[in-house]
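The listed protein sequences derive, respectively, from chains Y and P. If you use the UniProt record's numbering, the first sequence corresponds to residues 1 to 302, in order. If you use the UniProt record's numbering, the second sequence corresponds to residues 1 to 509, in order. In this text, a Cβ means the ideal position worked out from N, Cα and C, and glycines have one as well.
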Amino acid sequence: MASSMFLAQRRWFLSLPRNLSNARFFSALPSEHPVSVSGPQNNVGPESNKFEKASSAPSSLKEPELAKFSAIADTWWDSEGPFKPLHKMNPTRLAFLRSTLCRHFRKDPLSARPFEGLRFIDVGCGGGILSEPLARMGATVTGIDAIEKNIKIARLHANLDPTTSTIEYCCTTAEKLVEEQRKFDAVIALEVIEHVADAAEFCKSLSALTAHEGATVVSTINRSMRSYATAIVAAEYLLQWLPKGTHQWSSFLTPEELTMILKRAGVDVKEMAGFVYNPLTGRWSLSDDISVNFIAYGTKEK
Amino acid sequence: MNRIFATKAGSDVYRLRIPWRPFSNDAAPLLSSQNAGNPEKGSEAKQYDIAIVGGGMVGLALACSLASRPLTRHLNVAIIDSNPALGRKHFIKKEDLPDPRVSTITPATISFFKDIGAWQFVEQHRHAYFDKMQVWDYTGLSYAKYNARDADKEVLGCVVENKVLLSSLLSRVQETVLPKKIYPSRLNSMSILPNSSSSEVDSMLSMTALFTHGRLAKLELEDGNSLYAKLVVIELAPVGADGGKSRVRELAGFRTTGWNYSQNAIICTVEHDVENHCAWQRFLPSGPLALLPIGDKFSNIVWTMSPKESSEFKSITEDNFLKAVNHALDYGYGPHPTPSILGSSDLFSWLKGGISKSANDCFEIPPKVVKLASERMAFPLSLRHANDYASKRVALIGDAAHTVHPLAGQGVNLGFGDASTLSSVISEGIAVGTDIGEVSLLKKYEADRKPANVMMMAVLDGFQKAYSVDFGPLNILRAAAFHGAHHISPLKKSIISYASGEMRLPLFA
């Protein structure tokens, strides 16, 4: 595995204070054994140097929540645990990726492994719950995440299936990979952008990682009254699907804003869809209703 | 590189050992000849995507259905069944008399068979479509006649011998590209370990390691073979009181709910002087008697009665048995129904234009049976339903998930519905890169099939219960329901559609 361990975005949960992407913060970041609530190793000692180095790279990251998430990182693969909503939503997100990316790359949608030969990056991969299915669909997947512990869990889990053991997991940031001039056929950042401090910078990095004629896919939560009611009041307080404070409503982007900042970053949004949860069946489905959760697929402009 | 940090491997392993009884499934009469195929003893364990335990009709239908979908046709499938018929190519001789083990398959099942490419093989053998069905009871009050044209259909169903269905599915699965291997053996034990990704592992990708981490189920067979699979599908018919088969299901952690009807069914093949194209069913005090056409001049009899009666009817002479059948289908136990008793269609005249086309079809007496064409077999009836159809890496289909009253011959249709849904769920899972043994995926199959199966079981059980009482007012109520079913066209259409396997909820669709 790449020995360069850097920091990166986290998928899904980060949302405390904003604009924290300066060096001071990085030195306080979770290390290889992240600051976990119960974890015995809060040892930031020798590792902290590494992070100070890492912090010299520009990053759109918000950090203080990293500790919070690393505390529950062990439960990534417990489909009934804290990440249950993500597990439930996963097939629907993948259905969107499958249909748009098959069309984009002119691949056979009836193939079991349509993405054979394509390089995908899952930005903010968490425990790898999106990376693994993408690998099973044939893609050569790189998963990156800011939390070392997530990367460890993702790697351990992926190693247990020959079809997913090929995934390259790195604890690094999108910005860092841009510096390394890495390119991917598809750059996928699902449920991440609402957790970064500077969405515009983040989109620029995603765009820079996208190869010529490649695709960029971003999903997030709309800043609407309904999203406040469902994603925050219902999901965090009433149903307690998500830890309280997981999301900060004001940092959500509307579809128009996302389209605009992607456009400025050179990504032309071609298609957008909403995810709708049916409380009766307990299933998510794709829909035209983008008022709460939505996903956008764009292509790199020439 | 792959350094693994660990807490501890999961400890609550569940494992089952099954003292196996002979594995007689629906095609049991075919078992007579010697064991087919000798597997290499103790050969190295192989890994499969799916292991189907029980290569009965539903298990083979699942294999065919997987073979017919683009996303699943390359899955590696192992079929474990000791039925030697599975090792042979053509095990049906044209000159054989019809086997008494038959299934009444619905139009929905017929189109499923066409979709999976197996119907062409059924058509090469004996099968009998019927487009009429007459149902009446011993009180002379209730009577209904269904005609396919009431629901704008060609046929109401088709009666096919189970061995024809089995061999057709086998022929189909053999000609497909699906990578499959049939293990002519029985399951000895199955074990699935809990998921773990947190122990130190040396040889990461060996099958044993994958098994240790809950990524594969391990199956050990009686012949010494063992194999690993991502998903184990169990299709086992619990035959009567013999718990041998349902044991697999129960030890695999599946609980069932159910009861035995203190009833046996006698089944046999009979011959008429004329051809029969109608399905007949008469409710007698001890249970329903069904006479189903199975092609040429043959019909199949399924006669439900008390265990005591069944042993009696099994042992009486052929002549006496035929007499008893003809009597029961005619004036025995009560009069012919007379349409005037409940005022005929006048009763429903308020339902303008709703009178069904066949409402004026008269009651007919079924053709006389003249000859017994098979031995008489008796088996006990029970209703059994698994509380869950899916757990980690295991799914139940067909009789492993539900056994129903044979009334209306719906049992196997429910099983084919399971096979169709399960293969479609697996295909959807593969489309989005899911591990096919993932319980969240398999629960989708359960969520889809359970309500449908429970509904049909409740309807059939209700019928059975309604007829297990001989009580004046109830008889009238029953009669009224029958009359309604006979005369009100939309109702009749709904009943036919439901019985055809095309609707989920009767009457309210």
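Rounded to the nearest angstrom, the Cβ distance from residue 111 (chain P) to residue 419 (chain P) is 14 Å, too far for a contact under 8 Å. Under the three-state reduction of DSSP, residue 201 (chain Y) is assigned to helix. Counting the other CB atoms within 10 Å of its CB gives residue 225 (chain Y) a total below 16, which places it among the exposed residues.
Residue contact check for residue 136 (chain Y) against chain P: a CB pair falls below 8 Å.
Not one beta carbon of chain Y lies nearer than 8 Å to the beta carbon of residue 425 (chain P). When DSSP reads this structure, residue 269 (chain P) sits in a beta bridge with P:300. Residue pairing from DSSP places residue 187 (chain P) in a beta bridge opposite P:221.
The continuous alpha helix (DSSP H) containing residue 426 (chain P) extends over residues 411 to 431. Using a Cβ-Cβ distance cut-off of 8 Å, the stretch 309 to 325 of chain P and the stretch 386 to 394 of chain P are not in contact, since fewer than three pairs of beta carbons, one from each stretch, lie closer than that value. Taking the Cα positions, residue 115 (chain P) is about 19 Å away from residue 397 (chain P). Per DSSP, residue 270 (chain Y) is one residue of the beta strand (DSSP E) stretching across 267 to 278. In terms of Cα proximity to residue 252 (chain Y), the closest of Y:205, Y:227, Y:284 and Y:233 is Y:227. The stretch 92 to 99 of chain P and the stretch 372 to 386 of chain P touch, with three or more beta-carbon pairs separated by less than 8 Å. Between residue 185 (chain P) and residue 222 (chain P), the C-beta gap is smaller than 8 Å, which places the two residues in contact.
Contact annotation: in the stretch 209 to 225 of chain P, residues whose CB is within less than 8 Å of a CB in chain Y are 209, 210, 213 and 215. In the same chain as residue 457 (chain P), and ignoring 5 residues on each side of it, the C-beta atoms closer than 7 Å to its own belong to 383, 385, 402 and 404, in chain order. For residue 208 (chain Y), none of the residues of chain P pass the 7 Å Cβ criterion, the least Cβ distance being about 27 Å.
Neighbours of residue 104 (chain Y) across chain P, judged by C-beta separation under 8 Å, do not exist; the nearest C-beta is about 17 Å away. Taking a Cβ-Cβ cut-off of 7 Å, the neighbours of residue 440 (chain P) in chain Y comprise 79 and 87, given in sequence order.
Counting along the chain, the unbroken alpha helix (DSSP H) around residue 119 (chain P) starts and ends at 119 to 123.
DSSP lists P:386 as the bridge partner or partners of residue 256 (chain P). With a cut-off of 8 Å on Cβ pairs, the stretch 237 to 248 of chain Y is not in contact with the stretch 173 to 191 of chain Y, counting fewer than three such pairs.
Boundaries for residue 370 (chain P): no alpha helix (DSSP H) harbours it, while the beta strand (DSSP E) harbouring it runs 369 to 372, taken from the DSSP string.
Against residue 256 (chain Y), chain P offers no close residue; the least beta-carbon distance is about 29 Å (beta-carbon pairs closer than 8 Å). Residue state for residue 232 (chain Y) is assigned as helix, using DSSP reduced to three classes.
Burial is judged here by how many other beta carbons sit within 10 angstroms of a residue's own beta carbon; residue 224 (chain P) has fewer than 16 and is exposed.
Identification of chain Y residues near residue 176 (chain P) by a Cβ-Cβ cut-off of 7 Å yields none; the smallest Cβ-Cβ distance measures about 16 Å. Only exposed fits residue 233 (chain Y), as fewer than 16 other CB atoms lie within 10 angstroms of its CB. Interface with chain Y (8 Å Cβ-Cβ cutoff): residue 451 (chain P) is excluded. In this structure, DSSP gives residue 92 (chain P) a state outside helix and strand, which the three-state scheme calls coil. Secondary structure of residue 93 (chain Y) (DSSP, three-state): helix.
In the structure shown, residue 298 (chain Y) adopts extended strand secondary structure according to DSSP, grouped into three states. Against chain P, the CB of residue 133 (chain Y) has a partner CB under 8 Å away; the residue lies at that interface. Taking a cut-off of 8 Å for Cβ pairs, the stretch 320 to 332 of chain P and the stretch 270 to 282 of chain P touch, as three or more such pairs fall below it. For the stretch 268 to 296 of chain Y, the set of residues with a beta-carbon nearer than 7 Å to any beta-carbon of chain P is empty. Between residue 187 (chain Y) and residue 210 (chain Y) a beta carbon distance of about 5 Å is seen, short of the 8 Å cut, so the two are scored as contacting.
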